[in-house]
Amino acid sequence: MRIGDAKQSYAADEALWTSTTQQVWFGLLLLSLLLFPFFASPYLLYLACLVGIAVISATGLNILTGFTGLISLGQAGFMGVGGYTVAWLSLHTSLPFPIALLAAGLLSAAIGMVIGLPSLRIKGLYLAIATLAASVFLHFVFVEWASVTGGMAGLSLRSAQLFGLTFHNDFRMYFMIMPLAVLMLLAARNIFRTRIGRAFIAIRDRDISAEILGIPLLRYKLLSFALSSFYAGVAGGLFAYFYRVVTPESFPLSMSIFYLAAIIVGGMGSILGGVLGAIFMTLVPEGLKLLTTAITPIYPQAPVFMSPLLGVVFGVLIVGFLIFEPNGLAEVWRRIRRFFHLWPFRT
Amino acid sequence: MDWLFFAEVSLAGLATGGLYALIALGFVIIYKATRVINFAIGEIMMFAAYLFLSFAGGMQLPPLIALPLAVLGGTILGGVVEKVMIRPMLGESPISVVMVTIGLASILVGMAEIIWTADPQLLPEFLPRDPVFLGEIYLAPKIAYGFLIGATVLVLYLLYFRFSRGGVALRATASDQAAAYSMGINVRRVFNLAWVFGSLAASLAGILVSATGGLSPQSGAIGLSVLVIVIVGGLDSILGALIAGLFVGWLETVAGAFFGGEYRMLATFSVLALILIIRPYGLFGTHEIERL
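Line order of the protein sequences matches chains A and B. The first sequence lines up with residues 1 to 347 when you count with the numbering used here. The second sequence lines up with residues 348 to 639 when you count with the numbering used here.
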């Protein structure tokens, strides 16, 4: 049992790691992430890349929806902007990937700010529907601006490059995605130790009160949109590099809903929650696939029901978590931790 | 420009808009009474239409029996959903409640695919088939009769809300929940009633819409158009739902006929964006003043 959680300075109170144990565990996690691709099967490696991309995007949406309280149904659209930027840059220039990804993030952030402009006047669900409208417009642009986006056929791009190194397989992509994911997660975690992050949380809790406290609402709401879309843009860029093709159908509305579901299942307003949710929601379909292949010998019709069943499971997860565990997986995690902290006593 | 063609397209659009207005009415009833934005309304429509398909096509029941049965099925679905999913969410943030309805939509689509397969299907014919002419203007019979049925039900609804006990209870709850409760109105029952009535309107509209456009598990996407309508009209305004329903139906059809199918969504969502900028609470919605 761990006792004595008394903190004596503000710095200690808002430190990322409050104990050496935590630092050791985090170090071990990083080490296992580093060694993972050398032992993992290609399938696991592929999944790890998908999870990495999902984690970045979910964290971005969590900044906007979980921490600032602005609901967005436009995440897929922002990812699309990032994806198309990367694809276009890859076809027309030979920039190394960090610059292309940065450009994707920045362009996405700029568009996010434009879309966030109405957020001062409208909020809640009206804002959600405004972002939905924005994603409809973006989809229209992806389809119709054929000279840049390639229309319905989309764009195929070359592998990512850096210093003559090409990232053409999952093994190398992993070393591009995972460090970025870790970096962006640390950045997100740190934002909420600063004035900006605290302002976001104040706005979420009550925006009028926040304004009275001296937080310029428009500036911070736009900043939140910009940050969130930056994450989405980078995730979209990685998505494009990973699949090496982008079409308007790569970023459907259901993707926006997927990320909302991920942060709800994981836990809104918690970085850990976004991560857990993204991992969980990416792995659920794969688990279901494994299950169907296991059942198929007994019940040959199983694969037919795979995709509709996925929809049902997806819906049940959202509804179930909202009703029974509104704080998501992050809360479950906290409960497990508390159990071990207090052991042998119980709460 | 061919004026006759324009008139025909406009009329067809207005008739479709009448059905949209019916769906939007279902949406507004639920919102007014319970403050829940129901993203699953399109899926409830789709589900009721599939029930009709099963009753009229699979079990060979005559349409006059199958139609009420299917509507009843959709209505029961609405009532059960309220009891099982929406009631536990009472007092939660609006995001959570909306996400519950999105989850519900996903469940319904998946179930429809499991039960009725993902292939698009046609409903059996149940409306008269002789062409309808208004002067020179031709109107497809399905659309015309669908509009007639829809409009009749709409008027019945409005009369019900105006004059019946249940309707008054519903309006009282909508205008002030606490006051309604202290005056002896059973607010829980009103919530359930709102979902029942909303789903009833949606189910009927779903069958009529699918009779013209065909049916697939993805038919629920029509819910997006309805969303536009209720935002344009104002979430809590029945009058707004009617006017915006007609307008959006007309705009969609005209934009689709003159510019091509890909412009339908663009046109309606442009109107939506414009309304959100000029009048964020919709044309006829209540402008809520926030107080600390």
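Virtual Cβ for every residue (Gly too), placed ideally from N, Cα, C.
Check your understanding: Which one of B:Ala-395, B:Gly-438, B:Ala-354, B:Leu-503 has the shortest CA to CA distance from Leu-555 of chain B?
Key -> B:Ala-395
Check your understanding: Can you find a C-beta in chain B that's less than 9 Å from the C-beta of Gly-112 of chain A?
Key -> no
Check your understanding: Using 9 Å as the limit for Cβ to Cβ distance, is Ser-546 of chain B near chain A?
Key -> no
Check your understanding: How would you label Leu-31 of chain A, buried or exposed, when you count the other beta carbons within 10 angstroms and need 16 or more for buried?
Key -> exposed
Practice item. Would you identify the three-state DSSP class for Thr-296 of chain A, choosing helix, strand or coil? Key: coil
Exercise for review: Return no unless some Cβ of chain B is closer than 9 Å to the Cβ of Ser-209 of chain A.
Suggested key: yes
Check your understanding: Under the rule that 16 or more other beta-carbon atoms within 10 Å means buried, what is Leu-547 of chain B, buried or exposed?
Key -> buried
Exercise for review: Specify, as a first and last residue, the run of the beta strand (DSSP E) that Phe-167 of chain A falls within.
Suggested key: 165 to 167
Practice item. Could you check the C-alpha separation between Phe-305 of chain A and Leu-358 of chain B for me, to the nearest Å? Key: 42 Å
Review point. Is the distance from the Cβ of Met-446 of chain B to the Cβ of Leu-260 of chain A below 9 Å?
Key: yes
Exercise for review: Report yes or no: do the stretch 58 to 78 of chain A and the stretch 125 to 143 of chain A share at least 3 C-beta pairs separated by less than 8 Å?
Suggested key: yes
Review point. Taking the continuous beta strand (DSSP E) assigned at Val-479 of chain B, which residues delimit it?
Key: 479 to 481
Review point. Taking only runs of the alpha helix (DSSP H) that begin and end inside the stretch 513 to 555 of chain B, which ones reach a length of at least 4 residues, in chain order?
Key: 524 to 529
Practice item. Using a threshold of 9 Å, state whether the C-beta atoms of Glu-599 of chain B and Phe-140 of chain A are closer than that. Key: no
Exercise for review: Starting from the C-beta of Val-332 of chain A, find all residues in its chain whose C-beta is less than 8 Å away, skip the five residues before and the five after it, and write them out in chain order.
Suggested key: Glu-325
Practice item. Hey, could you find the ends of the beta strand (DSSP E) Tyr-367 of chain B is sitting in? Key: Looking at the DSSP string, Tyr-367 of chain B is not in any beta strand (DSSP E); the run it does join, the alpha helix (DSSP H), is 350 to 381.
**Study point:** Per DSSP, cross-strand counterpart(s) of Ser-156 of chain A
**Key:** A:Val-245
Point to revise | In chain order, each alpha helix (DSSP H) run of at least 4 residues that lies wholly inside the stretch 135 to 222 of chain A | key: 146 to 149, 170 to 191, 195 to 205, 207 to 212
Review point. Is there a Cβ from chain A that is less than 9 Å from the Cβ of Phe-616 of chain B?
Key: yes
Check your understanding: Do you know whose CA, among A:Val-284, A:Ala-302, A:Asn-190, lies nearest Gly-315 of chain A's CA?
Key -> A:Val-284
Review point. Does the beta carbon of Pro-488 of chain B come closer than 9 Å to any beta carbon on chain A?
Key: no
Check your understanding: Can you find a CB in chain B that lies within less than 9 Å of the CB of Pro-303 of chain A?
Key -> no
Check your understanding: Among all the DSSP beta bridges, which residues are the ones paired with Ile-484 of chain B?
Key -> B:Leu-481
Point to revise | Closest by C-alpha distance to Val-534 of chain B, when choosing among B:Arg-434, B:Leu-481, B:Ile-462, B:Val-479 | key: B:Arg-434
**Study point:** Leu-639 of chain B versus Asp-205 of chain A: straight-line alpha-carbon distance, rounded
**Key:** 12 Å
Review point. Helix or strand or just coil, what does DSSP make of Gln-301 of chain A?
Key: coil
Check your understanding: Count the other CB atoms within 10 Å of the CB of Phe-352 of chain B; is the residue buried (16 or more) or exposed (fewer)?
Key -> exposed
Exercise for review: Could you confirm whether any beta carbon from chain A is found closer than 9 Å to the beta carbon of Gly-587 of chain B?
Suggested key: no
Check your understanding: By a C-beta neighbour count over all protein chains shown, 10 Å radius and 16 as the cutoff for buried, is Ile-625 of chain B buried or exposed?
Key -> exposed
Review point. Does the beta-carbon distance from Leu-272 of chain A to Ile-177 of chain A come in below 9 Å?
Key: no
Review point. Looking only at C-alpha atoms, which of B:Gly-426, B:Ile-622, B:Trp-463, B:Phe-606 sits nearest to Ile-576 of chain B?
Key: B:Ile-622
Practice item. Compare the C-beta of Ser-229 of chain A against all C-beta atoms of chain B and say whether one is closer than 9 Å. Key: no
Practice item. Please confirm if Gly-450 of chain B has its CB atom under 9 Å from at least one CB of chain A. Key: yes
Check your understanding: In this structure, does DSSP put Leu-469 of chain B in helix, strand or coil?
Key -> coil
Review point. In angstroms, rounded to a whole number, what distance separates the CA positions of Phe-14 of chain A and Trp-343 of chain A?
Key: The sequence shown places Glu at residue 14 of chain A, not Phe. Between Glu-14 of chain A and Trp-343 of chain A, the C-alpha separation is close to 25 Å.
Practice item. Using DSSP bridges, identify the partner residues of Leu-562 of chain B. Key: B:Gln-468
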